[in-house]
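Chains as they are written, first to last, in the working numbering: chain R, 257 to 372; chain Z, 302 to 414.
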């Protein structure tokens with residue numbers, strides 16, 4: 257079956273512009289995660305959606321970052337007024353659910369964001 | 302000090318070698334431990350998932366958890382050039398909504414023919 261897809265695969269933008277990154281999770285997965293991966297820095301958690309519950313936004317680095325998940329499926333991560341330090345690979349993952357039997361995360365290929 | 306420490310490498314070994322990759326952690330609440338493999342320009346994929354202390358084997362891969370030392374390992378036997386990738390450890394607690402894992406920085410492994 258189809259895995260997690262993300263678009264665009266690459267995005268180059270100018271400092272100060274807004275960008276939108278999209279994630280299509282695996283059908284039937286109720287949990288969705290966004291991470292940021294900078295060179296040599298590992299995966300930094302950004303935001304977590306689980307079903308209809310309020311998202312866990314504790315990892316968002318500033319109020320320039322926001323995300324939504326429509327209809328419990330597709331998610332969009334928006335970065336407003338981009339800064340050069342926002343340059344990174346943004347990864348999305350989904351899992352069946354949050355429980356210990358269901359929380360294996362399946363990752364998309366990522367969106368490589370470059371802010372000039 | 303980060304919650305999860307992992308040497309970024311690179312670790313370079315000849316084909317056929319036994320590889321040992323390790324992570325240390327500081328949070329005693331971690332109960333679930335994972336190893337992901339990430340090829341260049343791809344997303345991570347889960348290799349091993351273990352609960353609490355002990356060993357788990359899957360083909361050429363063995364995951365080992367020592368909670369008393371807060372130390373986890375991934376062993377790769379008969380390493381192949383196709384094993385060349387970055388290996389990330391991850392771990393999380395068992396309840397209270399802490400389903401979000403904490404990741405290590407990843408260790409870059411190069412297996413040369």
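Beta carbons: idealized from backbone N, C-alpha and C, even for Gly.
1) Note down, in chain order, every chain Z residue with its Cβ under 9 Å from the Cβ of residue 346 of chain R.
2) Under a Cβ-count criterion, where at least 16 other Cβ atoms within 10 Å of its own Cβ denotes burial, should residue 307 of chain R be classed as buried or exposed?
3) Just verifying my parser: in three-state terms, what is the DSSP assignment at residue 276 of chain R?
4) Determine the closest residue to residue 326 of chain Z out of Z:346, Z:314 and Z:305, with distance taken between C-alpha atoms.
5) Using 8 Å for Cβ pairs, my map puts residue 403 of chain Z next to residue 391 of chain Z. What's the rounded Cβ distance?
6) Identify which residue in Z:321, Z:333 and Z:339 has its Cα closest to the Cα of residue 365 of chain R.
7) Is the Cβ of residue 343 of chain Z closer than 8 Å to any Cβ of chain R?
8) Does the beta carbon of residue 338 of chain Z come closer than 8 Å to any beta carbon on chain R?
9) By the DSSP assignment, the beta strand (DSSP E) with residue 315 of chain Z in it spans what residues?
10) May I have the straight-line CA-CA distance separating residue 381 of chain Z from residue 282 of chain R, to the nearest angstrom?
By the coordinates alone:
1) Contacts between residue 346 of chain R and chain Z, judged by CB atoms closer than 9 Å, are missing: the closest CB pair is about 11 Å apart.
2) Result: exposed.
3) strand
4) Z:305
5) 7 Å
6) Z:339
7) yes
8) For residue 338 of chain Z, the answer is no, since every Cβ of chain R falls outside 8 Å of its Cβ.
9) 312–315
10) Between residue 381 of chain Z and residue 282 of chain R, the C-alpha separation is close to 31 Å.
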